[in-house]
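Using my numbering, you'd call the opening residue of the sequence shown number 1 and step up by one each time.
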Amino acid sequence: MTADLTPDRAALRSWLPGFLALGVIWGSSFLFIKVGVAELHPLHLTLYRVATGAATLLVVLAVLRDRLPREPRIWAHLLVVAAFGVSLPFTLFGFGEQRVESMLAGIWNATTPLIVLPLAVLVFRTERLTVRRAVGLGLGFVGVLVVLGVWEGVGGAHFTGQLMCLGAAAGYGVAIPYQKKFIAGSTYSGLSLSAAQLLVATAQLAVVAPLVAGAPPMPAGLSGQVVASVLALGALGTGLAFVINLRNIRVAGASTASTVTYLIPVFAVLVGALVLDERMNWHQPVGALIVLLGVAVAQGVLGRRRPRPVLGAAAVPATEPAAGA
1 MTADLTPDRA ALRSWLPGFL ALGVIWGSSF LFIKVGVAEL HPLHLTLYRV ATGAATLLVV
61 LAVLRDRLPR EPRIWAHLLV VAAFGVSLPF TLFGFGEQRV ESMLAGIWNA TTPLIVLPLA
121 VLVFRTERLT VRRAVGLGLG FVGVLVVLGV WEGVGGAHFT GQLMCLGAAA GYGVAIPYQK
181 KFIAGSTYSG LSLSAAQLLV ATAQLAVVAP LVAGAPPMPA GLSGQVVASV LALGALGTGL
241 AFVINLRNIR VAGASTASTV TYLIPVFAVL VGALVLDERM NWHQPVGALI VLLGVAVAQG
301 VLGRRRPRPV LGAAAVPATE PAAGA
């Protein structure tokens, strides 16, 4: 072992466990959504999940002696980010998983970076479109068509469920570049902004859910596995996972941390197959691989040497994956 290799291995040990834990937590979120919508309306599931996540992050804020944003401008922007980055996609994944397998929902979550890029280029103008990115987008689009199995025809509940999951990814595609343009430059910590975002989303859902789905059921009337799923989605997938992701960004760098995108569908498929005994058609995993290849090309993971991450980096890229679907 040379002196040059020792620091790299030490650095790897410092962030790899958290990186893998994040892939497991976010990949398992689709399992918990599937269990939750068996008894809860998707809006009620999202409301309970987001409220639990908000409470978790508020506790972390108190422990770290951080504080919520105080500028009205930030809260106004968070209304948009919370709607498109939390309330809408979480609910759409719930509706989608009433119709499709949890593993398939995890695959659709992986399309988020492909939706982020054109919106960031054309609408928010926070990124530039290069030949490499255009090729990645083209590959990703082909992968989407393969996952959908368009040659088999369109229509039916299963196809509708897939479109709902794609719509959820599209919500992230709006929220991520919007947040980068209007909020990312603020002086507030990522933890503070995320806690505020979840509080806003909780308020939005508390208004919309009773109007659309009626009053939420009392937790005492739910089965133990549904209550456990809601707690896992909120405290782990929406709360603790964000804290882990922040640490990964700080220790390994934003670019390395963002590659958890590739792990999420892998764990979603494994958990769906092992726990729920779900199965997929041949074209769905093939399409998923094409989608991930497109994401890798668009993000520059393939085709060029990447610089070593700088320890302590705190910037979050526009293609940072969404927390747990």
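Glycine is no exception: its CB is placed at the ideal position from the N, C-alpha and C atoms.
In the three-state reduction of the DSSP assignment, Tyr188 falls in the coil class.
Contact between Thr112 and Tyr172 holds: their C-beta atoms lie close to 5 Å from each other, under 8 Å. Here the region 262-269 does not lie against the region 81-90, with fewer than 3 beta-carbon pairs under 8 Å apart.
Val121 has its alpha-carbon roughly 37 Å from the corresponding atom of Leu231. Residue burial annotation: Leu274 is exposed, with fewer than 16 other C-beta atoms found within 10 angstroms of its C-beta. For Arg49, the enclosing alpha helix (DSSP H) begins and ends at Pro42 to Leu64. With a contact defined as Cβ atoms closer than 8 Å, Leu12 and Val212 miss out at about 47 Å. Taking all protein chains in view, the Cβ of His158 is surrounded by fewer than 16 other Cβ atoms within 10 Å, so the residue is classified as exposed. Sixteen is the threshold: since fewer than 16 other Cβ atoms of the shown chains lie within 10 Å of the Cβ of Val150, the residue is exposed. Cβ atoms of Pro69 and Leu193 come within 8 Å of each other, at about 7 Å. The shortest CA-to-CA distance from Ala241 to any of Ala209, Ala195, Leu270 and Ser102 is the one to Ala195.
With a cutoff of 8 Å on beta-carbon distance, Ala51 and Gly234 are scored as near each other. Of the residues assessed, Arg49 falls on the buried side of the cut-off, its CB having 16 or more other CB atoms within 10 angstroms. The residues Leu198, Gly234, Thr238 and Gly239, in chain order, have a CB closer than 6 Å to that of Gly53 in the same chain once the five nearest residues on each side in sequence are set aside. Between Ser229 and Phe32, the C-beta gap is smaller than 8 Å, which places the two residues in contact. For Leu274, the enclosing alpha helix (DSSP H) covers residues Leu263 to Val275.
C-alpha of Ala252 to C-alpha of Leu289: approximately 25 Å in a straight line.
Gly221 sits exposed, since fewer than 16 C-beta atoms from the chains shown fall within 10 Å of its C-beta.
Per the coordinates, the alpha-carbon of Leu145 lies some 19 Å from the alpha-carbon of Val269. One thing to note: Val226 has its Cβ no nearer than 8 Å to the Cβ of Val100. Boundaries of the alpha helix (DSSP H) around Leu137: Val131 to Leu148. Per DSSP, Leu292 is one residue of the alpha helix (DSSP H) stretching across His283 to Gln299.
Listed in chain order, the non-local C-beta contacts of Val286 below 7 Å within the same chain comprise Val146, local neighbours out to five positions each way being set aside. Within its own chain, the residues whose Cβ lies closer than 7 Å to the Cβ of His41, once the five positions on either side in sequence are excluded, are Ala213, listed in chain order. Between Ala184 and the set Thr126, Pro118, Phe30 and Phe19, the nearest pair of CA atoms involves Thr126. Membership of Glu97 in the alpha helix (DSSP H) is indicated by the continuous run Leu88 to Glu97. Pairing Leu117 with Ala298 gives a Cβ-Cβ distance under 8 Å.
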